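Novice: Residue numbers (this note's numbering): 63 to 427.
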Amino acid sequence: MLVVGAVAIVATMLLAGFHTQLSDLRPDDRSDEASELLTPAIIGIRTFVPAGDVRVDEDVEYATELDGTPLTLDVCSPAQPTPSPTAVPAAAASTAPTETTDAPATPTEPANAGAASDDTDTDAESDDDASAELLPAVLSIHGGSWARGDKANSDWRAVCEWLASEGFVAYSVNYRLVPDVVFPAALDDLTAAVNWMRSADNAEEYGIDPDRIGVFGGSAGANLAAVLGATGSGSLTEGARVAAVAALSGPVDLTYEGLVSIGASDSLQQIAREYVGCDSLQDCDAAAEASVADALDRTDPPVFIGTSEEEYVPLLQSTDYAEALADLDIDHELVTVPGALHSIGILDEAMRSRVATFLHQHLGA
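1. Shortest alpha-carbon distance to T126 belongs to which of E195, A254, F245, S327?
2. Who pairs with S139 in a beta bridge, going by DSSP?
3. Check this for me: beta carbons of L403 and S370, under 7 angstroms apart or not?
4. Grab me the residues of T163's own chain with a C-beta within less than 7 angstroms of its C-beta, minus the 5 sequence neighbours each way, in chain order.
5. Which first and last residues belong to the alpha helix (DSSP H) in which A254 is found?
6. So who's on the other strand from S202, going by DSSP bridges?
7. Using alpha carbons as the reference points, say which of T109, G283, L343, E195 lies closest to D410.
8. Extract the residue ranges of the alpha helix (DSSP H) inside the segment 273-327, only unbroken runs of 4 or more that lie entirely within it.
9. Which stretch, first to last residue, makes up the alpha helix (DSSP H) that contains H422?
10. Under 7 angstroms, do A418 and E228 count as touching if we go by C-beta distance?
11. State the DSSP-derived secondary structure class of E373, mapped to helix, strand or coil.
12. In angstroms, rounded to a whole number, what distance separates the CA positions of G283 and I104?
13. Quick one: grab the DSSP three-state call for A402.
14. Helix, strand or coil for T381? Go by DSSP, reduced to three states.
15. Helix, strand or coil: how does DSSP classify G446 here?
16. Look at the alpha carbon of L425 and the alpha carbon of G276, and state the distance between them as a whole number of angstroms.
17. From the DSSP output, read off the bridge partner residues of P241.
18. Would L316 and A352 qualify as a contact pair, given that the criterion is a beta-carbon distance under 7 angstroms?
19. Looking at G205 and E336, is the spacing between their C-beta atoms short of 7 angstroms?
20. Taking A113 as the reference, give the member of S139, E372, G320 with the closest Cα.
21. Would you check if the distance between the CB atom of G312 and the CB atom of A288 is smaller than 7 angstroms?
22. Taking A308 as the reference, give the member of G339, T299, L201, Q344 with the closest Cα.
23. Could you check if D271 is buried or exposed, using at least 16 other CB atoms within 10 Å of its CB as the buried criterion?
24. Taking R219 as part of the alpha helix (DSSP H), name the residues at either end of that continuous run.
25. Quick one: using the 10 Å Cβ neighbour count with 16 as the cut-off for buried, is D362 buried or exposed?
26. Straight-line CA distance for D359 to D382?
27. What is the C-beta distance between D115 and A214, in whole angstroms, given that I count them as a contact (C-beta under 8 angstroms)?
28. Tell me whether P198 is buried or exposed, calling it buried when 16 or more other Cβ atoms sit within 10 Å of its Cβ.
29. Which residues bound the alpha helix (DSSP H) around E351?
30. Just mark L390 as buried or exposed, buried being the case when its beta carbon has 16 or more other beta carbons within 10 Å.
31. Going by C-alpha distance, which of S329, Y318, L330 is nearest S342?
32. Checking contacts by CB at 7 angstroms: is W208 closer than that to chain C?
33. Less than 7 angstroms between the beta carbons of T299 and D263, yes or no?
34. Which word fits D217, buried or exposed, when buried means at least 16 other C-beta atoms lie within 10 angstroms of its C-beta?
35. Go through its chain and collect everything with a Cβ distance to P166's Cβ below 6 angstroms, but skip five positions before and after it.
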């Protein structure tokens, strides 16, 4: 318990160099600081070179466990924010077709509006200027089998700085892990984080538009991002709702049908059982609740899905997710790359461009 302080575009990207097997879901190393990329190779997010124009505020407390243990996140902000003039509110952006890249022009007062309206016009312009200075935000969720990983390891710090370099205020979050807790503790933590981000004081402190909050996650973090995006219904600008989801290599169906029936590896099934706290995935209510399909509705935000063809999480998880979104006319994009790389191992320059374009479109920036 916490005290809180569609149109699918399916693309195959022919990217070179993705031949090394990675899997941050495999329980080989459960150290909190262990990188999700189980190779020293310079691949994926490691090809991002920070330009040095990002400010990082570390270990900001967003919630507290009942025993007093703080839950923290790191905030990566553009050092000199330069919002795009095409930035649009989430409510408008989230309904735009994927192919659309230009936001509607902002209406202006006619030049001959008259002296009597000067004060009103000035006030309105001031409000518009203040709104234009606000930046969209992205909650960044690390992976690691729901049992390890840390916001501050070098790979996820790079994700945070990359998002900030794209003009977003990025919040790289830590959450409670197995075996200390099971589902829904991690999801509760992320809900608390979004509520904290959206609160008036915190949004003002970091200069974000609370109506333009998205979420990005890899692997186990992609599951959490997807489920968070499907939690609740209606407005994407209230409570813990988010306006866009980007999920890489997400095991989004933890049910018996989603894992056992399709022949997912024994290790992935074991990881899922440990996360949901069930001895068997068959007739496990928590496994269904920790999956995305049954929670989706037509009011949910647009979703970017990235995966590789031969990776640890079965490709069918991603394609079924895309089909479920299509059935509900939820705007989405599925990008599949060759090879067996996993999670932020596929986040090279080309994939970063695709993800950033998607987030810009639906959050503005």
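Backbone N, C-alpha and C fix where the C-beta goes; we use that ideal spot for every residue, glycine too. Since the structure is predicted, the reported quantities are computational estimates derived from the model, not experimental observations.
Specialist: Let me spell this out:
1. A254
2. R117
3. yes
4. Residue confidence is low: T163 scores 31 on pLDDT, short of 50, so the model does not pin down where it sits. Its coordinate-derived value is still stated next. So the list reads Q423, once near-sequence residues are dropped.
5. 247-260
6. S234, F278
7. T109
8. 282-292, 318-321
9. 411-425
10. yes
11. coil
12. 21 angstroms
13. coil
14. helix
15. Outside the displayed span of the chain (63 to 427) sits residue 446, for which this structure offers no information.
16. 7 angstroms
17. DSSP output for P241 lists no bridge partner at all.
18. yes
19. no
20. S139
21. yes
22. L201
23. buried
24. 216-227
25. buried
26. 15 angstroms
27. Contact doesn't hold; Cβ gap of about 20 angstroms is too wide.
28. buried
29. 347-351
30. exposed
31. Y318
32. You won't find chain C in this structure, because it holds only one protein chain.
33. no
34. buried
35. Annotation note: pLDDT 31 at P166 (below 50); position unreliable, coordinate value reported separately. Once the five neighbours on either side are set aside, P166 has no close Cβ partner at all.
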